[in-house]
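In what follows, a structure is listed as structure tokens, so that the remarks can point back to it.
In the numbering used here, the protein residues as written are 257 to 370.
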């Protein structure tokens with residue numbers, strides 16, 4: 257099976273799968289990245305831009321790093337105005353819902369809700 261999945265964020269491109277370069281951690285990283293990015297963009301572009309900018313400036317990382325560092329995302333989401341934090345976290349939770357039983361995904365979601 258030859259599968260190519262790329263995630264592009266602010267001119268950063270990371271190849272997640274390519275010709276057998278597939279493992280469970282890579283799949284979990286891809287699921288979390290897509291869910292976080294779509295939840296942010298679904299909320300509003302300003303939230304997406306603020307979160308990605310803060311991830312890069314404060315932690316030197318990108319959305320695809322949030323799987324390994326949900327605490328970074330959690331902290332940054334809490335700086336958003338109004339009920340944005342709750343709306344975005346619920347959207348991420350909904351996006352990952354059918355995968356919540358998987359260890360890495362459930363740990364990510366638990367850390368995000370702290």
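Note that the Cβ used here is the ideal one computed from N, Cα and C, for glycine as well.
Chain-order list of residues whose beta-carbon lies under 7 Å from that of residue i (same chain, five-residue window excluded)
{"i": "residue 327", "result": "367"}
{"i": "residue 370", "result": "330"}
{"i": "residue 335", "result": "none"}
Length of the line joining the Cα atoms of residue i and residue j
{"i": "residue 289", "j": "residue 309", "result": "16 Å"}
{"i": "residue 339", "j": "residue 280", "result": "33 Å"}
{"i": "residue 314", "j": "residue 306", "result": "11 Å"}
{"i": "residue 299", "j": "residue 333", "result": "12 Å"}
{"i": "residue 302", "j": "residue 337", "result": "11 Å"}
{"i": "residue 363", "j": "residue 346", "result": "15 Å"}
For residue i, the first and last residue of its enclosing alpha helix (DSSP H)
{"i": "residue 335", "result": "From DSSP, residue 335 is part of no alpha helix (DSSP H); its letter is neither H nor E."}
{"i": "residue 353", "result": "It is not in any alpha helix (DSSP H) - residue 353 carries neither H nor E in the DSSP assignment."}
{"i": "residue 284", "result": "280-299"}
Cβ-based neighbour list, residue i, same chain, cut-off 8 Å, excluding 5 preceding and 5 following
{"i": "residue 361", "result": "284, 287, 288, 352 and 355"}
{"i": "residue 341", "result": "333 and 334"}
{"i": "residue 325", "result": "315 and 317"}
{"i": "residue 311", "result": "317, 318, 319, 321, 322, 328, 329 and 332"}
Proximity below 8 Å, CB of residue i to CB of residue j
{"i": "residue 349", "j": "residue 365", "result": "yes"}
{"i": "residue 344", "j": "residue 296", "result": "yes"}
Test: residue i CB closer than 8 Å to a CB of chain D
{"i": "residue 355", "result": "The chain labelled as chain D is not found in the depicted structure, where only one protein chain is given."}
Close Cβ partners of residue i (< 6 Å) along its chain, the five nearest in sequence each way excluded
{"i": "residue 291", "result": "348, 351 and 352"}
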